[in-house]
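Enquirer: Would you mind keeping the following structure in view while I ask a few things?
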Amino acid sequence: MDYTCSLSKVFNSFVFIIIFSDILACITVIIFISVGVSDPCSSYSVLDNPWRVTSNRYASVIYCDQDVTWSGWYRFFINNISTHIPETCVDTYSCGTNLPMWINDRHPTVGDGIVSILVCTTWSNNCCFHTHYIRVKACPDNYYVYELVRPFGCHFAYCAGNYIHSISVCSPHSRMHSSFIYDPCFKK
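Counted the way the numbering used here counts, the sequence shown spans residues 1 to 188.
Shown next, in the form of structure tokens:
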């Protein structure tokens, strides 16, 4: 049986490449890849830092994400409520830092899988004073996870923007009228 193989690390996932002439080798590769890569939607760290909110302007303590050892995937919360990185320019001196970071694109959909998105850093009147890429994934339970990277310098910090609200899947006929049951489809 003739085959060659190599193992490479791409971002935080392992890719096993094999050139083979045997069907058994192919099955082994598929099993290895399936077991070796975890879904970031079920394997992430929580970032619950209220200082990251976009309304935190001119803070007395200036935070810096350059000192963080970023490893793996992260989900943003503000006071235990799921949120996400803003998709529009954030003013300088927001998010508890001097140079706030935001994404210069729309968040992906669940069907998009993992995508690379441009992060912009605001400084003075320049919304994209500095840029870099991160990876983002939309998760089925209506939240995003991010593979964050160390920013260029201090005082750069990732912002956490608006809270994520569930997308309504309610029909006009699904209303409940019980005073003991909360129905998100029925708004008074």
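Using N, Cα and C, we set each Cβ at its ideal position, and we do this for glycine too. This structure is a prediction, so every number in the text was calculated from the model and none was measured.
Which ranges would you report for the beta strand (DSSP E) in the region 111-144 if only whole runs of at least 3 residues count?
Expert: 114-123, 126-139
Enquirer: What does the alpha-carbon distance come out to for the pair W73 and H130?
Expert: Approximately 22 Å, taken between the alpha carbons.
Enquirer: Please name the residue or residues paired with L99 in a DSSP beta bridge.
Expert: By DSSP's assignment, L99 forms a beta bridge with F156.
Enquirer: Given this structure, state the Cα-to-Cα distance separating V149 from F156, to the nearest angstrom.
Expert: So the two alpha carbons sit approximately 12 Å from each other.
Enquirer: Kindly give me the distance between the Cβ atoms of V145 and P108, rounded to whole angstroms, as I take these residues to be in contact under 8 Å.
Expert: Not quite, the Cβ-Cβ distance comes to about 11 Å (not below 8 Å), so this is no contact.
Enquirer: In or out: T69 buried (at least 16 other Cβ within 10 Å) or exposed?
Expert: exposed
Enquirer: Using DSSP bridges, identify the partner residues of R75.
Expert: V46
Enquirer: According to DSSP, Y53 sits in a beta bridge with which residue or residues?
Expert: Per the sequence presented here, residue 53 reads as Val, with Tyr not at that position. Answer by DSSP bridge pairing, in chain order: A160.
Enquirer: Take I114 as the anchor and find which of A138, N79, T83 has the nearest alpha-carbon.
Expert: The residue with the shortest Cα to Cα distance from I114 is A138.
Enquirer: Count the other CB atoms within 10 Å of the CB of G96; is the residue buried (16 or more) or exposed (fewer)?
Expert: buried
Enquirer: Just the Cα atoms here: how many angstroms apart are V110 and N142?
Expert: 9 Å
Enquirer: Taking all protein chains shown into account, decide if S166 is buried (16 or more other Cβ within 10 angstroms of its Cβ) or exposed.
Expert: Bear in mind that the predicted position of S166 carries a pLDDT of just 40, short of 50, making it unreliable; the figure below should be weighed with that in mind. The residue is exposed, with fewer than 16 neighbouring Cβ atoms inside 10 Å.
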